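Colleague: Residue numbers (this note's numbering): 537 to 801. What follows is a single structure, and I will ask about it in a moment.
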């Protein structure tokens, strides 16, 4: 069973289906996740595929190694993928128990086993636990409320705890809205913690989702090596890694200049 937090009132998880795809909602029209019913391990949404861009920063020998953590379960797409396809040690943290229940019933999320643990807990408290420091190699952060307007955890203290969770060489991806004014603030907070030379972003999807990648002490490979890794990912996992590579860019100078202008604490 999932490890639980105190009972509270939560926005209920609801479902819709269209053209062979099942969607998760939180009592609103906004999509919180999706699964192609006949291909449950396929990553259906483009921004969810891009959350896997961390794979470019890992060589083929270590691609499947380590502990993958998902903050915000959604329709469990990344959690299923890390557990079932990559076969990594996988953990998910989700505050809303109705989401976990819906994922177990409707989105092929398996029960906990020796490689999978789902916590019904507050992600802010979970990542702040000092006993978990440097225990994670891959961290995926997708924390939005039922209105899907902005991240519910988005301050420097939270990102500092995320940094502390990562082992040396660890990688974090974060879903942000790149066409929203909050993107620059969020990216600047991440860069303030990880360092601007350890943070990159992808161009926004057509829906406006921008994936930010942050690393803890990762040396960026040469372009030829990244191209080899992209080709390997495409061949093994049928993910559009070559497209990711074309879309990855350093943080805009406006954000870096904003960091330089702010007083250091």
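Cβ atoms here follow ideal geometry from the backbone N, Cα and C, with glycine treated the same way. Just so you know, these numbers come straight off a predicted model, no measurement behind them.
What are the boundary residues of the alpha helix (DSSP H) that residue 634 is part of?
Modeller: Start at 1 with the first residue of the chain shown, and residue 634 comes out as number 98. It spans 633-642 - the alpha helix (DSSP H) in which residue 634 sits, taken as one unbroken run.
Colleague: Answer yes or no: do residue 615 and residue 592 have a C-beta to C-beta separation smaller than 8 Å?
Modeller: Here residue 615 refers to the residue found at position 79 when the chain shown is read from its first residue. Here residue 592 refers to the residue found at position 56 when the chain shown is read from its first residue. Not closer than 8 Å, so no.
Colleague: For residue 703, collect the residues of the same chain with a Cβ closer than 8 Å to its Cβ; drop the 5 residues on either side in sequence, then sort them by chain order.
Modeller: In the chain shown, the residue the question calls residue 703 occupies position 167. The answer, listed in chain order, is 602, 670, 671, 672, 673, 752.
Colleague: What does the alpha-carbon distance come out to for the pair residue 628 and residue 793?
Modeller: In the chain shown, residue 628 corresponds to position 92, counting from 1. In the chain shown, residue 793 corresponds to position 257, counting from 1. Roughly 35 Å between the two C-alpha positions.
Colleague: Tell me which residues share the same chain as residue 690 and place their Cβ nearer than 6 Å to its Cβ, disregarding the 5 neighbours each side in the sequence.
Modeller: Translated into positions along the chain shown, residue 690 becomes position 154. Only 722 meet the Cβ criterion.
Colleague: For my contact list, residue 679 and residue 608 are in at a C-beta cut-off of 8 Å; report their separation, rounded to the angstrom.
Modeller: If you number the chain shown from 1, residue 679 lands on position 143. If you number the chain shown from 1, residue 608 lands on position 72. With 8 Å as the limit, residue 679 and residue 608 qualify as a contact, their Cβ atoms being about 4 Å apart.
Colleague: Threshold first: 3 residues or longer. Then list the beta strand (DSSP E) segments lying entirely within the segment 655-721, N to C.
Modeller: Runs found: 672-677, 702-713.
Colleague: For the beta strand (DSSP E) containing residue 736, list its first residue and its last residue.
Modeller: In the chain shown, counting from the first residue as 1, residue 736 sits at position 200. Unbroken beta strand (DSSP E) run through residue 736: 735-738.
Colleague: So residue 611 and residue 624 are supposed to be a Cβ contact under 8 Å. How far apart are they, rounded?
Modeller: For the purposes of this step, residue 611 is taken as the residue at position 75 of the chain shown. For the purposes of this step, residue 624 is taken as the residue at position 88 of the chain shown. In fact, because the Cβ distance is near 19 Å, the residues do not count as touching under 8 Å.
Colleague: Per the contact definition of three or more C-beta pairs closer than 8 Å, is the segment 734-743 in contact with the segment 570-589?
Modeller: Contact between the segment 570-589 and the segment 734-743 is present, because at least three Cβ pairs lie under 8 Å.
Colleague: Who are the Cβ neighbours of residue 741 in its own chain at under 6 Å, not counting the five residues just before and after it?
Modeller: Within the chain shown, the letter at position 205 stands for residue 741. Only 582, 583 meet the Cβ criterion.
Colleague: I believe residue 571 touches residue 638 by the beta-carbon criterion, under 8 Å. Please report the beta-carbon distance rounded to the nearest angstrom.
Modeller: Taking the chain shown and counting its residues from 1, one reaches residue 571 at position 35. Taking the chain shown and counting its residues from 1, one reaches residue 638 at position 102. About 11 Å separates the two Cβ atoms, so there is no contact after all.
Colleague: Please identify the residue among 790, 594, 546, 784 whose C-alpha is closest to the C-alpha of residue 634.
Modeller: Taking the first residue of the chain shown as position 1, residue 634 is located at position 98. Residue 546 is the option with its Cα nearest to residue 634.
Colleague: In the structure shown, what three-state DSSP assignment does residue 537 receive?
Modeller: Here residue 537 corresponds to residue number 1 of the chain shown, with the count starting at 1. Since pLDDT at residue 537 reaches only 47, below the 50 mark, its modelled position is unreliable, and no value is offered.
Colleague: Within 10 Å of its beta-carbon, does residue 744 have 16 or more other beta-carbons around it, so buried, or fewer, so exposed?
Modeller: By 1-based counting over the chain shown, the position of residue 744 is 208. Exposed, since its Cβ has fewer than 16 Cβ neighbours within 10 Å.
Colleague: Pick helix, strand or coil for residue 596, following the three-state DSSP scheme.
Modeller: Within the chain shown, residue 596 is the residue found at index 60, counting from 1. Residue 596: coil per DSSP, three-state reduction.
Colleague: What ranges does the alpha helix (DSSP H) occupy inside the segment 721-781, keeping only unbroken runs of at least 4 residues that lie completely in it?
Modeller: Fully enclosed alpha helix (DSSP H) runs of 4 or longer: 759-773.
Colleague: Quick one: what's got a C-beta closer than 8 Å to residue 557's C-beta in the same chain, skipping five residues either side?
Modeller: Stepping through the chain shown from its first residue, residue 557 is reached at position 21. Around residue 557: 570, 571, 572, 573, 580.
Colleague: From the DSSP output, which residues share a beta bridge with residue 786?
Modeller: Taking the chain shown and counting its residues from 1, the one referred to as residue 786 is at position 250. Residue 786 pairs with 736.
Colleague: Following a CB-centred definition, is residue 752 positioned closer than 7 Å to any heavy atom of the ligand FMN?
Modeller: For the structure depicted, the ligand FMN is absent and the ligand set is empty, with no information on it obtainable.
Colleague: Return the first residue and the last residue of the beta strand (DSSP E) that residue 601 is part of.
Modeller: For the purposes of this step, residue 601 is taken as the residue at position 65 of the chain shown. Run containing residue 601: none; DSSP gives neither H nor E here.
Colleague: Is the distance from the Cβ of residue 727 to the Cβ of residue 787 below 8 Å?
Modeller: As a working mapping, residue 727 is identified with position 191 in the chain shown. As a working mapping, residue 787 is identified with position 251 in the chain shown. Going by C-beta atoms, residue 727 is nearer than 8 Å to residue 787.
Colleague: Taking just the CA atoms, how far does residue 693 sit from residue 748?
Modeller: Indexing the chain shown from 1 puts residue 748 at position 212. Indexing the chain shown from 1 puts residue 693 at position 157. C-alpha separation (whole angstroms): 17 Å.
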